[in-house]
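Below you'll find the structure, written out as structure tokens, and then a few comments.
Number of protein chains: 2
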Amino acid sequence: MTFDGLDHTHDPALTSWVTSANDPQTPFPIQNLPFGVFRRRGSAEPWRGGVAIGDRIVDLPAVAHHLQGSARAAAEACAAPSLNGLLALGPAAWQALRVAISEGLRTGATLAAEADRVLVEAAKAEMAVPTAIGDYTDFFASIHHARRTSRIIRGDTDVRPNFHWLPIGYHGRASSIVVSGTSVRRPRGQFVPPGANEPIFAPTQRLDFELEVAAIVGVGNALGEPVPIAQAEQHLFGLVLMNDWSARDIQAYEAMPLGPFLGKSFATTISPWIVTMAALAPFRTALAPRETGAPRPPAYLDQGDAAACAGIALALEARIGTSAMRDRGVSDATVTTTDLRSLYWSFGQMLAHHTGNGCNLRIGDLIGTGTVSGPETTSAACLLEITEGGRKPVELSAGESRVYLQDGDEVVLTGWCADGVHRAIGFGECRGRIVPPLG
Amino acid sequence: MTFDGLDHTHDPALTSWVTSANDPQTPFPIQNLPFGVFRRRGSAEPWRGGVAIGDRIVDLPAVAHHLQGSARAAAEACAAPSLNGLLALGPAAWQALRVAISEGLRTGATLAAEADRVLVEAAKAEMAVPTAIGDYTDFFASIHHARRTSRIIRGDTDVRPNFHWLPIGYHGRASSIVVSGTSVRRPRGQFVPPGANEPIFAPTQRLDFELEVAAIVGVGNALGEPVPIAQAEQHLFGLVLMNDWSARDIQAYEAMPLGPFLGKSFATTISPWIVTMAALAPFRTALAPRETGAPRPPAYLDQGDAAACAGIALALEARIGTSAMRDRGVSDATVTTTDLRSLYWSFGQMLAHHTGNGCNLRIGDLIGTGTVSGPETTSAACLLEITEGGRKPVELSAGESRVYLQDGDEVVLTGWCADGVHRAIGFGECRGRIVPPLG
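Here the protein sequences line up with chains S and L, keeping their order.
Sequential numbering from 1 applies to the first sequence in our numbering.
Sequential numbering from 1 applies to the second sequence in our numbering.
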């Protein structure tokens, strides 16, 4: 591996004997090789680890005996319903497996003769949440999201002072994290309807999405032992897309003084494929510069020269489709286009801060960015921002608009790294449809 | 089992062939039978489930073959490093095991002949966190705590309106939950020192304890399916004592707008023995009455006639001992005496609210009450309240006082149910000592 983390697995010239992986439109070319947990849909097969390649999935336990050494051990560790066993083997094993899979899938590799035994059609598979998530933390790392929501909710012209000094975060609910494609039931909760003086307990009237990205912890730390900023990124295995569904009315009523709770905990959807930090290496970049006069982060969050590649150029999009649009055959409407590099805080800073008090992270933990809103109106990444708190409907198709989500609405998040130099890689989809509350 | 949950296992006249269980001072008489996870200290034995009886522990896997039917299956399920397998068998199995252990430990029972094989000396055992905790939630269920902290922190004369309508809660950090006896390292974090304009990153100067009680979830619910208030208690296995260590300066700086995070997540200590809801049945009582004019809870939180026994008469105490006191042989100083029945919200209400949005609870989850402060000054259950935010030191021994915890200080929580009619049962200790920050 070279200094910048690039090696032959990133070579844009590489092609695969899995021909769908050579389609310029696939998010999963041979340069990507994201990890997930799958089985054939509707089968009683065991859940197991796989790698996406074009429109196929490499069945890692099935391919293990074609591999050698630590790559083989890593593939064997994927014979489990979560990737935690693979992660526990550590970064050298992850890299050995990435290299071995890359070599096995290359055009001309002898593994092609085993295609029937080692590949599963992605269209015939179902996916699971890929790791056992001990704890899920969500940050608030976009200053654009913080600033817009401050203005819309509180009428403040700026973020609170602490925003500049530390990545604000909170503990989320791990149990209700679901994989892309899972329906999301509209939650009930307490909120004060417009004009009322007392709360009611009713289905939320302000159901929102939040376009986020989340990191999967691959290397934990012991309780009481902070992770230095220079080592923080080494604790990450990869990233997924995340939709942090939010019931704004429930959230608003409950959140003082202890923060979000039931307004969020009814469901959080993640994309099934973990795009590894290794695969993302070609797309590292600086985060957007801070404004003049913004304080320099404290030493434990100061990335020094590494700030030049602390961010990731990851173009993100959110689309919404409604029942009526599906009935009419109308495509989903894009409501947001944003980029991960617009964050104020990097994943390394989030992780160093999170462990700065000695808090222990465990393998498989999930760390979200918060809503990845950018500076432009078109890069506002939740309906609260897009519709100015419900005051400006967003048009989705002819005659149909939304302020918040209605039953039957489906939100689809996508993400792509594409710089015109390296082979573009994608995250696939993070998809969820709202279903009515229980009667 | 009778209507009120009492059966022959609660008979105050019962005695045990484990003679230490007949000592009036033991928290663990035969009427209690709390569950924990243990092994002989310093051994390589597997962690396994046990029941405390006097100064001994019943080794549940070792006793299994002396039992029959579902009690035997339940004891066999305890051959694991957590009690989750036992909990998964459900309330009927828990009760069968309680009855079988009660019968086996009674004076005259033939199991006495097996004492050497089925008992372990508690003094020679080490204990573990008893369940695999998927998610940890902490509530804010004492109006006395809410009111005092509102006054001390914000100068408000009362709680926010939402306090009366719903049990306010937030997600805590599961990874840093430790068992009684584990040292707690003073955390670093960002806070603004008195007189300064900018935060520093330094060891907390306002380290506090919070005396809490926490419930262990024994029966989960499916995502999207709220638990009705009438069934909520059936989802609980039992209770432990909990110390929700809090760095007040870190908490104050970070908590807006998303609530507590690193000010809490460095450690949370629980007592090792889960006192079951079955054992607590004789001590059920109404919560303290709400004030005139307080709103009646919404229907999904309304306990109806069951409100008469929604609380638990559990007397709680917090003591502090310092290095100097230990050196001089001085006993710990009691800084709080309070009672669980002073809560504004019951565990049943917390659980019904928690799942009201469809959030799924899982077996082994931990649900804390928040600081169990009572109405009197002497029942304030954290130093923030006791010392009026650090303004009034509390005297611990001659010449030694505290506003917040210093390195070497040890906090010990205890809890007893004792009504003068039934056999008194206790929770044992929840103990933790502060050690200096890493250099």
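The beta carbon of each residue, even a glycine, is placed where N, CA and C say it ideally should be.
{"Query": "Using DSSP with H/G/I as helix, E/B as strand and the rest coil, what is W245 (chain L)?", "Result": "coil"}
{"Query": "Can you tell me whether DSSP reads R290 (chain L) as helix, strand or coil?", "Result": "coil"}
{"Query": "Quick one: list the residues of chain S neighbouring R362 (chain L), beta-carbon separation under 7 Å, in chain order.", "Result": "S175"}
{"Query": "With DSSP run on the structure shown, which of helix, strand or coil describes E198 (chain L)?", "Result": "coil"}
{"Query": "Figure out for me which residue from L:F28, L:A132, L:L83 has the closest Cα to the Cα of H10 (chain L).", "Result": "L:F28"}
{"Query": "Give me the Cα-Cα distance between A380 (chain S) and H144 (chain L), rounded to the nearest whole angstrom.", "Result": "41 Å"}
{"Query": "Give the residues of chain A in contact with W165 (chain S), contact being defined as C-beta atoms less than 7 Å apart.", "Result": "Judged by its chain identifiers, the structure shown contains no chain A, and its protein chains are S and L."}
{"Query": "Quick one: is C309 (chain S) near chain L, going by C-beta distance under 8 Å?", "Result": "no"}
{"Query": "I'd like to check one pair, V372 (chain L) with T414 (chain L): are the Cβ atoms closer than 8 Å?", "Result": "no"}
{"Query": "Check whether the Cβ atoms of L33 (chain S) and V18 (chain S) lie closer than 8 Å to each other.", "Result": "no"}
{"Query": "So, helix, strand or coil for A93 (chain S), using DSSP?", "Result": "helix"}
{"Query": "Given a threshold of 16 other Cβ atoms within 10 Å of its Cβ, counted over all protein chains shown, does T131 (chain L) qualify as buried or as exposed?", "Result": "buried"}
{"Query": "Between the alpha carbons of G238 (chain S) and A278 (chain S), how many angstroms are there, rounded?", "Result": "8 Å"}
{"Query": "Please confirm if I168 (chain L) has its CB atom under 8 Å from at least one CB of chain S.", "Result": "yes"}
{"Query": "Could you list the residues in the segment 203-224 of chain S with a C-beta less than 7 Å from some C-beta on chain L, going in chain order?", "Result": "L223, G224"}
{"Query": "Along chain L, which residues have their Cβ under 8 Å away from the Cβ of F347 (chain S)?", "Result": "The contacting residues do not exist; F347 (chain S) stays about 17 Å from chain L at best."}
{"Query": "Taking the C-alpha atoms as reference points, what is the distance between G439 (chain L) and A232 (chain S)?", "Result": "20 Å"}
{"Query": "Does DSSP classify L366 (chain S) as helix, strand or coil?", "Result": "strand"}
{"Query": "CB-CB under 6 Å to P375 (chain S), same chain, minus the five flanking residues each way: which ones, in chain order?", "Result": "H144"}
{"Query": "With DSSP run on the structure shown, which of helix, strand or coil describes H235 (chain L)?", "Result": "helix"}
{"Query": "Hey, could you find the ends of the beta strand (DSSP E) A442 (chain S) is sitting in?", "Result": "Lying outside 1 to 439, the shown extent of chain S, residue 442 (chain S) is not represented and no answer is given."}
{"Query": "Any chance the segment 275-289 of chain L sits against the segment 235-251 of chain L, with 3 or more Cβ pairs inside 8 Å?", "Result": "yes"}
{"Query": "Quick one: is M325 (chain L) near chain S, going by C-beta distance under 8 Å?", "Result": "no"}
{"Query": "Using a C-beta cutoff of 8 Å, does P228 (chain S) count as contacting chain L?", "Result": "no"}
{"Query": "Could you run through the segment 284-305 of chain S and flag, in chain order, every residue whose CB is less than 9 Å away from some CB of chain L?", "Result": "P295, P298, A299, Y300, L301"}
{"Query": "The alpha helix (DSSP H) spanning F347 (chain S) covers which residue range?", "Result": "347-355"}
{"Query": "Do we get a CB-CB distance below 8 Å when we pair E254 (chain S) with the residues of chain L?", "Result": "yes"}
{"Query": "Taking just the CA atoms, how far does L351 (chain S) sit from R433 (chain L)?", "Result": "27 Å"}
{"Query": "What is the DSSP secondary structure of E121 (chain L), reduced to helix, strand or coil?", "Result": "strand"}
{"Query": "Please classify D327 (chain L): is it buried, with 16 or more other beta-carbons within 10 angstroms of its beta-carbon, or exposed?", "Result": "exposed"}
{"Query": "DSSP three-state call for L166 (chain S): helix, strand or coil?", "Result": "coil"}
{"Query": "Can you grab the Cα-Cα spacing for the pair T15 (chain S) / T107 (chain S), in whole Å?", "Result": "6 Å"}
{"Query": "Count the C-beta pairs between the segment 391-405 of chain L and the segment 300-310 of chain L that are closer than 8 Å, then say yes if the count reaches three, no if not.", "Result": "no"}
{"Query": "Counting only beta-carbon separations shorter than 8 Å, does G356 (chain L) have a partner in chain S?", "Result": "yes"}
{"Query": "Kindly provide the ranges of any beta strand (DSSP E) runs that are 3 or more residues long and lie completely inside the segment 26-112 of chain L, ordered along the chain.", "Result": "35-40, 48-53, 56-59"}
{"Query": "Closer than 8 Å, Cβ to Cβ, to anything on chain L: give me those residues from the segment 83-101 of chain S, in chain order.", "Result": "none"}
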